[in-house]
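To keep things clear, I will list the structure first and then write my remarks on it.
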Amino acid sequence: MLRDLKIAVVFLTRLPLKLEGPVRVSDLASVVHCFPLVGLLAGALGAVVYLAASLAHLPSLPAVILTIGAMALFTGALHEDGLADTADALGALPDRERALEVMRDSRIGSFGAIALILVLTGRLSALAGFWSAFGAALAIIAAATFSRAVMPAVMYLQPSARGRGLAAEAGRPSIERVLTALAIGIAVVILLLSPGQALSAIFIASATGAVVAWSLGRAFGGCTGDTLGAVQQLTELAFLFTLASWR
Numbered sequence: 007m008l009r010d011l012k013i014a015v016v017f018l019t020r021l022p023l024k025l026e027g028p029v030r031v032s033d034l035a036s037v038v039h040c041f042p043l044v045g046l047l048a049g050a051l052g053a054v055v056y057l058a059a060s061l062a063h064l065p066s067l068p069a070v071i072l073t074i075g076a077m078a079l080f081t082g083a084l085h086e087d088g089l090a091d092t093a094d095a096l097g098a099l100p101d102r103e104r105a106l107e108v109m110r111d112s113r114i115g116s117f118g119a120i121a122l123i124l125v126l127t128g129r130l131s132a133l134a135g136f137w138s139a140f141g142a143a144l145a146i147i148a149a150a151t152f153s154r155a156v157m158p159a160v161m162y163l164q165p166s167a168r169g170r171g172l173a174a175e176a177g178r179p180s181i182e183r184v185l186t187a188l189a190i191g192i193a194v195v196i197l198l199l200s201p202g203q204a205l206s207a208i209f210i211a212s213a214t215g216a217v218v219a220w221s222l223g224r225a226f227g228g229c230t231g232d233t234l235g236a237v238q239q240l241t242e243l244a245f246l247f248t249l250a251s252w253r
């Protein structure tokens, strides 16, 4: 389990962990049950930064900016990059092959920039309006964990949209590990939030993730590493919006 977690951390963050033996992209499908644990680490880092900023008497908006910046550094903005690439690819539809080429392009276009601005602004506004610093910290952890717990389900349910790339090389995870990831994500949410908050956030975020994954899968003929990042980002945003409505 520890090695699986280390492999997941290597793929989903910028932490320079040393592993015994070679690590291949094909190993990713076997460690998807650790995705929510990586989200828990990212969320915990964000929560610590937010609480530290609050203790330093920073207003909520600067505190949230520092929090999101710290989490982006931790993950290498991996999922934000996927969101931007996916948005740019959507602008190239209905030519699917052209859209997949655009998605592979590392340069950001207007659609990608707009998507990033909207999602990051959404996270800023949701967290900056929370009822308390401690409540915001719990929301950061829960949202980061649960949004990564839904990614393995997309990998299981959708084929790869192309013959090469992260999703294609990773392969299809086992149903047992997919369900384990979901169980971990749900358990963390239930432990951190009140029953009403937990149930509503899980329901809305799951529905959002399902609609986004289905729409992108239909548009591109399956999933890619970038569309998985887009699903994570929009699921996290829906989770935070739901919690923000409980003020």
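Residue numbers for the sequence shown follow the working numbering, beginning at 7 and rising by one.
Even for Gly, the Cβ is constructed at its ideal location relative to N, Cα and C.
These figures come from a predicted structure and were not determined experimentally.
Less than 8 Å between the CB atoms is what I'm expecting for residue i and residue j, so what's the real figure, rounded?
i    : j    : result
T92  : A236 : 4 Å
L246 : A132 : 4 Å
F152 : A58  : With a Cβ gap of about 24 Å, F152 and A58 do not count as contacting.
A167 : L99  : About 12 Å; that fails the 8 Å criterion.
A213 : L249 : In fact, because the Cβ distance is near 15 Å, the residues do not count as touching under 8 Å.
F80  : L43  : About 14 Å separates the two Cβ atoms, so there is no contact after all.
R102 : F226 : 6 Å
Take residue i and list the residues in its own chain whose beta-carbon comes closer than 6 Å to its own, dropping the five residues that flank it on each side.
i    : result
Q164 : G223, G228, C229
G97  : F117
S60  : A69, A139
A134 : S66, L67, V70
A204 : V195, I196
F17  : L34
R104 : A98
Residue j and residue i - do their beta-carbons sit closer together than 8 Å?
i    : j    : result
D94  : M109 : yes
G45  : R129 : no
H39  : A149 : no
V55  : A78  : no
I147 : L198 : yes
Three-state secondary structure (DSSP) at residue i?
i    : result
S166 : strand
For residue i, collect the residues of the same chain with a Cβ closer than 7 Å to its Cβ; drop the 5 residues on either side in sequence, then sort them by chain order.
i    : result
H85  : G235, Q238, Q239
R178 : A35, M161, Y162
K12  : L23, L25
V184 : V38, P158, A159, Y162
I181 : Y162
A142 : Y56, L133, F136
Excluding sequence positions up to five away, which residues of its chain have a Cβ less than 8 Å from the Cβ of residue i?
i    : result
G82  : T19, R20
A119 : A90
F41  : A14, L18, R154, A155, M157, P158, A187
Examine the Cβ distances between the stretch 156-163 and the stretch 192-210 and report whether three or more of them are shorter than 8 Å. They do not touch, by the three-pair rule.
Would you call the stretch 209-220 and the stretch 232-251 in contact, with 3 or more CB pairs under 8 Å? Contact holds: three or more Cβ-Cβ distances are below 8 Å.
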